[in-house]
Amino acid sequence: MSKVIQKNIPSGNETVAIIYYATWCPFCKKLIENLDRTETPYSLIDIDQSEEAGQWVESVNDGNRVVPTVKYSDDTTATNPPAGDVRRKVEELSS
């Protein structure tokens, strides 16, 4: 089972964006910093701590383990998206 870290999610609300990331990834760090700065709600799963999560990332990226990969509550995904795109999608799915 993957350890999920929730960030900026008000009590009682569901996660609409799950970011699959790695602690060593500079693109992941930048995305997370930008989302935190705007208090955008999201959850994190470290693919280096979960083989299942790593396999899922590969399955949506043509067999490549590319992070950050974001899964939204509408079952769409985005690979290495700009923070602004993630914010807009979270707002859209939360309304």
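The sequence shown: position 23 = 23 (the UniProt record's numbering), numbered continuously. Yeah, the Cβ is synthetic: ideal placement off N, Cα and C, and Gly gets one too.
| request: With DSSP as the reference, label Val-86 as helix, strand or coil. | output: By one-based count along the sequence shown, residue 86 stands at place 86. Note: Val-86 maps to helix in three-state DSSP.
| query | Taking Asn-80 as the reference, which of Tyr-42, Cys-25, Ser-50 and Lys-7 has the closest Cα? | reply | Here residue 80 refers to the residue found at position 80 of the sequence shown. The residue with the shortest Cα to Cα distance from Asn-80 is Cys-25.
| As assigned by DSSP and simplified to three states, the class of Val-66 | Counted from its first residue, the sequence shown places residue 66 at position 66. In the structure shown, Val-66 sits in coil (DSSP, three-state: anything other than H, G, I, E or B).
| Should the region 19–36 be regarded as contacting the region 53–68, the criterion being three or more beta carbon pairs within less than 8 angstroms? | yes
| Runs of alpha helix (DSSP H) lying entirely within the UniProt domain "Glutaredoxin" (19–70), each at least 4 residues, in chain order | 26–37 and 51–60
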